[in-house]
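Participant:
2 protein chains.
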Amino acid sequence: MPGRRSGGRAGNARRLAGSAIRQLPWRIPQNRDRPTEPIDAEALHRIHDGAMRILEEIGILFLNEEALRVLAEAGCDVDRESARVRMDRGFVMEQVAKAPESFTITPRNPAREVAVGGDAMLFVNVSSPPNAMDLDRGRRPGDRAAFQDLLKLTQYFNCVHLAGGYPVEPTDIHPSVRHLDALYDKLTLTDKVVHAYSLGPERVEDAMEMVRIAGGLSHAEFEARPRMYTNINSSSPLKHDWPMLDGAMRLARRGQPVIVTPFTLAGAMAPVTLAGALAQQTAEALAAIALLQCIRPGVPVAYGSFTSNVDMKSGAPAFGTPEYMRATQISGQLARFYKLPLRASNANAANAPDAQAAWESAFSLWACVSAKANVVYHAAGWLEGGLIASYEKFVMDCEMLQQIMHYMEPVPCTDADVAIEAIAEVGPRGHFFGATHTQARYEAAFYAPFLSDWRNYESWSASGAQQTPERANRIWKQILAEFEPPPLDPAVEEELRAFVERRKREGGAPTDF
Amino acid sequence: MPGRRSGGRAGNARRLAGSAIRQLPWRIPQNRDRPTEPIDAEALHRIHDGAMRILEEIGILFLNEEALRVLAEAGCDVDRESARVRMDRGFVMEQVAKAPESFTITPRNPAREVAVGGDAMLFVNVSSPPNAMDLDRGRRPGDRAAFQDLLKLTQYFNCVHLAGGYPVEPTDIHPSVRHLDALYDKLTLTDKVVHAYSLGPERVEDAMEMVRIAGGLSHAEFEARPRMYTNINSSSPLKHDWPMLDGAMRLARRGQPVIVTPFTLAGAMAPVTLAGALAQQTAEALAAIALLQCIRPGVPVAYGSFTSNVDMKSGAPAFGTPEYMRATQISGQLARFYKLPLRASNANAANAPDAQAAWESAFSLWACVSAKANVVYHAAGWLEGGLIASYEKFVMDCEMLQQIMHYMEPVPCTDADVAIEAIAEVGPRGHFFGATHTQARYEAAFYAPFLSDWRNYESWSASGAQQTPERANRIWKQILAEFEPPPLDPAVEEELRAFVERRKREGGAPTDF
Numbered sequence: 001m002p003g004r005r006s007g008g009r010a011g012n013a014r015r016l017a018g019s020a021i022r023q024l025p026w027r028i029p030q031n032r033d034r035p036t037e038p039i040d041a042e043a044l045h046r047i048h049d050g051a052m053r054i055l056e057e058i059g060i061l062f063l064n065e066e067a068l069r070v071l072a073e074a075g076c077d078v079d080r081e082s083a084r085v086r087m088d089r090g091f092v093m094e095q096v097a098k099a100p101e102s103f104t105i106t107p108r109n110p111a112r113e114v115a116v117g118g119d120a121m122l123f124v125n126v127s128s129p130p131n132a133m134d135l136d137r138g139r140r141p142g143d144r145a146a147f148q149d150l151l152k153l154t155q156y157f158n159c160v161h162l163a164g165g166y167p168v169e170p171t172d173i174h175p176s177v178r179h180l181d182a183l184y185d186k187l188t189l190t191d192k193v194v195h196a197y198s199l200g201p202e203r204v205e206d207a208m209e210m211v212r213i214a215g216g217l218s219h220a221e222f223e224a225r226p227r228m229y230t231n232i233n234s235s236s237p238l239k240h241d242w243p244m245l246d247g248a249m250r251l252a253r254r255g256q257p258v259i260v261t262p263f264t265l266a267g268a269m270a271p272v273t274l275a276g277a278l279a280q281q282t283a284e285a286l287a288a289i290a291l292l293q294c295i296r297p298g299v300p301v302a303y304g305s306f307t308s309n310v311d312m313k314s315g316a317p318a319f320g321t322p323e324y325m326r327a328t329q330i331s332g333q334l335a336r337f338y339k340l341p342l343r344a345s346n347a348n349a350a351n352a353p354d355a356q357a358a359w360e361s362a363f364s365l366w367a368c369v370s371a372k373a374n375v376v377y378h379a380a381g382w383l384e385g386g387l388i389a390s391y392e393k394f395v396m397d398c399e400m401l402q403q404i405m406h407y408m409e410p411v412p413c414t415d416a417d418v419a420i421e422a423i424a425e426v427g428p429r430g431h432f433f434g435a436t437h438t439q440a441r442y443e444a445a446f447y448a449p450f451l452s453d454w455r456n457y458e459s460w461s462a463s464g465a466q467q468t469p470e471r472a473n474r475i476w477k478q479i480l481a482e483f484e485p486p487p488l489d490p491a492v493e494e495e496l497r498a499f500v501e502r503r504k505r506e507g508g509a510p511t512d513f
Numbered sequence: 001m002p003g004r005r006s007g008g009r010a011g012n013a014r015r016l017a018g019s020a021i022r023q024l025p026w027r028i029p030q031n032r033d034r035p036t037e038p039i040d041a042e043a044l045h046r047i048h049d050g051a052m053r054i055l056e057e058i059g060i061l062f063l064n065e066e067a068l069r070v071l072a073e074a075g076c077d078v079d080r081e082s083a084r085v086r087m088d089r090g091f092v093m094e095q096v097a098k099a100p101e102s103f104t105i106t107p108r109n110p111a112r113e114v115a116v117g118g119d120a121m122l123f124v125n126v127s128s129p130p131n132a133m134d135l136d137r138g139r140r141p142g143d144r145a146a147f148q149d150l151l152k153l154t155q156y157f158n159c160v161h162l163a164g165g166y167p168v169e170p171t172d173i174h175p176s177v178r179h180l181d182a183l184y185d186k187l188t189l190t191d192k193v194v195h196a197y198s199l200g201p202e203r204v205e206d207a208m209e210m211v212r213i214a215g216g217l218s219h220a221e222f223e224a225r226p227r228m229y230t231n232i233n234s235s236s237p238l239k240h241d242w243p244m245l246d247g248a249m250r251l252a253r254r255g256q257p258v259i260v261t262p263f264t265l266a267g268a269m270a271p272v273t274l275a276g277a278l279a280q281q282t283a284e285a286l287a288a289i290a291l292l293q294c295i296r297p298g299v300p301v302a303y304g305s306f307t308s309n310v311d312m313k314s315g316a317p318a319f320g321t322p323e324y325m326r327a328t329q330i331s332g333q334l335a336r337f338y339k340l341p342l343r344a345s346n347a348n349a350a351n352a353p354d355a356q357a358a359w360e361s362a363f364s365l366w367a368c369v370s371a372k373a374n375v376v377y378h379a380a381g382w383l384e385g386g387l388i389a390s391y392e393k394f395v396m397d398c399e400m401l402q403q404i405m406h407y408m409e410p411v412p413c414t415d416a417d418v419a420i421e422a423i424a425e426v427g428p429r430g431h432f433f434g435a436t437h438t439q440a441r442y443e444a445a446f447y448a449p450f451l452s453d454w455r456n457y458e459s460w461s462a463s464g465a466q467q468t469p470e471r472a473n474r475i476w477k478q479i480l481a482e483f484e485p486p487p488l489d490p491a492v493e494e495e496l497r498a499f500v501e502r503r504k505r506e507g508g509a510p511t512d513f
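From first to last, the protein sequence lines stand for chains V and B. UniProt numbering applies: residue 1 is where the first sequence begins, and numbers increase by one. UniProt numbering applies: residue 1 is where the second sequence begins, and numbers increase by one.
#1: Between the region 120 to 131 of chain V and the region 253 to 265 of chain V, can you find at least three pairs of beta-carbon atoms closer than 8 Å?
#2: Locate the alpha helix (DSSP H) running through R442 (chain B), then write down its first and last residues.
#3: Consider the Cβ of R497 (chain B): report whether some Cβ of chain V lies at a distance smaller than 8 Å.
#4: Residue range of the beta strand (DSSP E) that C304 (chain B) falls in?
#5: According to DSSP, is H161 (chain V) helix, strand or coil?
#6: Output, in chain order, the set of chain B residues within a Cβ distance shorter than 9 Å of R139 (chain V).
#7: Residues in its own chain within less than 7 Å of P317 (chain V) by CB, not counting five upstream and five downstream?
#8: Report the rounded CA-to-CA distance for H45 (chain V) versus Y407 (chain B), giving the unit in angstroms.
#9: Which ranges does the alpha helix (DSSP H) cover as unbroken runs of at least 4 residues, wholly within the region 141 to 224 of chain V, from first to last along the chain?
#10: Taking the alpha carbon of R474 (chain B) as the point to measure from, which residue in B:E484, B:L496, B:V260, B:F450 has its own alpha carbon closest?
#11: Just curious, the alpha helix (DSSP H) that Y338 (chain V) is in, first and last residue?
#12: Indicate whether Q439 (chain B) and A290 (chain B) have their beta-carbon atoms separated by less than 8 Å.
#13: As a quick exercise: from B:V426, B:P237, B:A41, B:F147, pick the residue whose alpha carbon is nearest that of V272 (chain V).
#14: Would you call A358 (chain B) buried or exposed, if buried means 16 or more other Cβ atoms sit within 10 Å of its Cβ?
#15: Measure from the C-beta of P38 (chain B) to each C-beta in chain C and report whether the shortest distance is under 8 Å.
#16: Could you tell me the alpha carbon to alpha carbon distance between A220 (chain B) and V299 (chain B), rounded to whole angstroms?
#17: Assuming F394 (chain V) and A380 (chain V) form a contact by the criterion Cβ under 8 Å, report the distance between their Cβ atoms to the nearest whole angstrom.
#18: Taking F103 (chain V) as part of the beta strand (DSSP E), name the residues at either end of that continuous run.
#19: Suppose the cutoff is 6 Å on Cβ atoms and the five residues either side in sequence are ignored; what does the same chain contact list for A67 (chain B) look like?
#20: Return the first residue and the last residue of the alpha helix (DSSP H) that V426 (chain B) is part of.
#21: If we cut at 8 Å on Cβ distances, does L359 (chain B) have a partner in chain V?
#22: Taking 8 Å as the threshold, find out whether the region 45 to 63 of chain B comes into contact with the region 408 to 421 of chain V through three or more Cβ pairs.
#23: Taking the beta carbon of A481 (chain B) as the centre, do at least 16 other beta carbons fall within 10 Å, making it buried, or is it exposed?
#24: Going by the DSSP bridge assignment, what does R84 (chain V) pair with across the sheet?
#25: Please list, in chain order, the chain B residues whose beta carbon lies closer than 7 Å to that of A352 (chain V).
#26: Our contact map puts L274 (chain V) next to V411 (chain B) with C-beta atoms below 8 Å; I'd like the distance itself, whole angstroms only.
#27: CB-CB under 8 Å to L55 (chain B), same chain, minus the five flanking residues each way: which ones, in chain order?
#28: Taking the beta strand (DSSP E) that D134 (chain V) belongs to, which residues open and close that run?
#29: Write down the C-beta distance between I330 (chain B) and P35 (chain B) rounded to the nearest angstrom, noting that I regard them as a contact closer than 8 Å.
#30: Closer than 7 Å by beta-carbon distance: list the chain V residues that pair up with A349 (chain B), in chain order.
#31: Whose CA, out of V:P297, V:E113, V:G138, lies closest to the CA of M228 (chain V)?
#32: Give the single residue among B:L187, B:Q155, B:A146 whose Cα lies nearest to the Cα of residue 516 (chain B).
#33: Just the C-alpha distance for L162 (chain V) and W382 (chain B), rounded to the nearest angstrom, thanks.
#34: What residues in its chain sit with their C-beta under 6 Å from that of A277 (chain V), if we drop five residues either side in the sequence?
#35: What are the residues of the region 322 to 349 of chain V that lie near chain B, defined by any Cβ-Cβ distance shorter than 8 Å?
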């Protein structure tokens, strides 16, 4: 279905069929392969036991009064003065067991519903870089125009399943009202699942209200199932900050999912050993998950892995490294042990959309697939360890994501596929281009890339010798030029707009946290 | 062991320690992970059954009188006129069962001995491109200078285990004597396992004789164990050509290993379905392997997979695609079924050492690792579907190969690695940079790349904003400038030189086949 958009009108579909890129249709890839498991059951148990000892003996800081109250009531050992909570393993495992193994999230367009968990693998746009970059304008602070551009790419590509965090920070909007304009853009330029940053009560409540309005939902309908989600990071080592906990608890109370992703860079905020960093990652993640299960038993959560290593010379984070790959795969083993969905990332530390960016991303994606990650953050557009949202990298990543989606399709092996008759027909002196067996199948036989250039050197040179980023540059420009937003009931759009205006008049959210 | 070379003199080791890149020491990576197996036993058996039916019902052309004679004597159904051989599955499986599951190859420097099979994974330099390319001189026909440069890189990098085919074709040497100069360069500039092209009796016999001389071996010692190898390609569909069979039989007779790699591009020389292409690949490979086991029962062989797809618009071969990945993984299943070592490739179809080259290579390597390939051809330096040997890509590939070698090291998970004491010591308000646990481990904790640039954008820009190929360019120049060949007994070198001179005076090899 070249260029077709969910909900697109017939006229668009026709117009785009010839001009926009050919892309795969919307679908949720199913990762049916056995995962790669670097460590055995005994080693896995040693990391689990380490995590339990951290929770029991060392404790985690919960810098949030309400969280402390809830955990104290649940019987945890809470030191109010230091905000340190110790919880025993029986309690933690009991709470974690209440979380579902899988769940769905339904955005305003129900056709974009996603399943989180099991074999499903979801790709999320790049989230949260402060800078945007493209070949024409270079690296610059993110603004609302770049934010909207990257949202359009997020919406356009069927291989991007969620409109996660801000694809770039729109720094030209005042922080007090940024979330209002940003959510408005997200909910009008995309119809995919959106995310709310846990940055204080007003922002989180505004986001939930806007998602409810955009879906045309009553409050009861909003709470009846997951409609959006948040992702919180611990402040490693061993600390959950106030706004993250506040937002997570607000979403949990209304049945909305929370991904908990500790920021355990080995050698910096966590031990230099992967086993130690993963024990700490697990302790920090399960501590918050246990809290949320106390708040609302059964609320959907996911175990987030971000463990990687740092360059020990400079302290700079590294991604897509051998350590990142193994940490992600072992995180998969841990997630399955706790029966929780796994979040990981398509990460790299390159400063340009070049070969290093591509191999670090490919290695990250290899790790995500072989770990059976359910949610792949930063799947399209990340550069410079998350400090750059790159237009060209976005397009390049989507090429890789599509290839992985195709890779996950089963390989048919019927007798007709084994093709003895065709082999006999062609014989030892022919070729298969004209064979009946080929003619019946060639259009859909192979994955067709939109970005790779497979021509020979002479043809490629004659047409300008364009390298990958130049070709990606041409593609994003075409997509943006042709973009039309997904349909939205004008009354709903008006209600969203009115909400934004009212909340702006009220001053938005405080900016002094 | 930065910059240390096997057999290097102490003076060199010292000098290089500071100036050459830091690289991993020589070692054979052990791939202990479970393979990815895309199809179930029933589907695997259907491909096997298809291969057997091709051999039994359709037959394979053996364009070589001696091969036909051997197979007729062994009881196969041989049609002398068409050169078509049909062999029943009982015969094929009986012959294949004689081949060893694993074997070693010992080059002139015994410290460079390699194991083929089991968990061992070997990387071979790029082989056979007609063109060389680098950033300074662009793409140009291969010559002896480029050939020698690329051999020096092959020798330098410890992650390249075999000096396989010609890293680029030295087209400035007359074809009648090219093999003599090329083998002389290979045996003097490297001390790793070398390969002989099966391009007529004279070339193969010369190559065996030169390997024997370089190793200081008697004829009996040469034949006592594998000292070199050849790789033959079928002329798909369903055909083995004369020179390939001749060379393979000559090596087999003297106990030297043969890799059999059909050239089954799906949609062109093989069915458009992967199952069909793999059935044909298997039939073509096993047909030659059965012949070689008749020639010398137990001779080491390997099952070569090269199945990929073509661009159905242009017919151009594609590599590192989803189809290539699955074909390679299923080839791994087939190789294990037949208890044969597997050869695959690090392939791509890009025209420049850019992002596409990197992701196609990374996906190819992912396929090789998850297939448990034992021999990875073209592991360093391949571009343009094998038409270009790229200096910069060679260096980039070695960075990827080193990362994969590090990835294959076990992840330690002792109690000391889980690091509860360090986590308690650092607590929630510190960081791990200065912790005792970190200090004791940080130097060897993580893989240190020689090519990746992990600095932040500002530092990277200030130092020239070099993208990956530019950095690779600087590195290969440094390596070539500092290169010293591995030690070789002057008497042996003189004997090699005399052999080359004598064979040149005799006219070398015929060029009219």
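Ideal Cβ positions, reconstructed from N, Cα and C, are used throughout, including at glycine. All values derive from a computational prediction rather than experimental measurement.
Facilitator: Once the coordinates are examined:
#1: no
#2: Inspection of the sequence shows that residue 442 (chain B) is occupied by Tyr rather than by Arg. Start and end: 442 to 445.
#3: no
#4: With the sequence shown as reference, residue 304 (chain B) is identified as Gly, and Cys is not the correct amino acid for it. Counting along the chain, the beta strand (DSSP E) containing G304 (chain B) begins and ends at 301 to 304.
#5: coil
#6: Y457, S461
#7: L265, S308, V310, A349, G385
#8: 22 Å
#9: 144 to 156, 175 to 189, 201 to 214, 219 to 224
#10: B:F450
#11: 322 to 338
#12: no
#13: B:V426
#14: buried
#15: Structure shown: chain C not included; protein chains present are V and B.
#16: 16 Å
#17: 5 Å
#18: 103 to 105
#19: L245, L291
#20: 420 to 426
#21: Position check: residue 359 (chain B) holds Trp in this sequence, whereas Leu was assumed. Yes - at least one Cβ of chain V is within 8 Å of the one on W359 (chain B).
#22: yes
#23: exposed
#24: V:L61, V:D79
#25: Q467
#26: 6 Å
#27: R86, M87, D88, R89, V92, A283, L286, A287
#28: 131 to 134
#29: That belief does not hold up - the Cβ atoms of I330 (chain B) and P35 (chain B) are roughly 10 Å apart, past 8 Å.
#30: W454
#31: V:E113
#32: With chain B covering 1 to 513 only, the question about residue 516 (chain B) has no answer from this structure.
#33: 37 Å
#34: T264, A266, A270, P271, T307
#35: P322, E323, M325, R326, I330, A349
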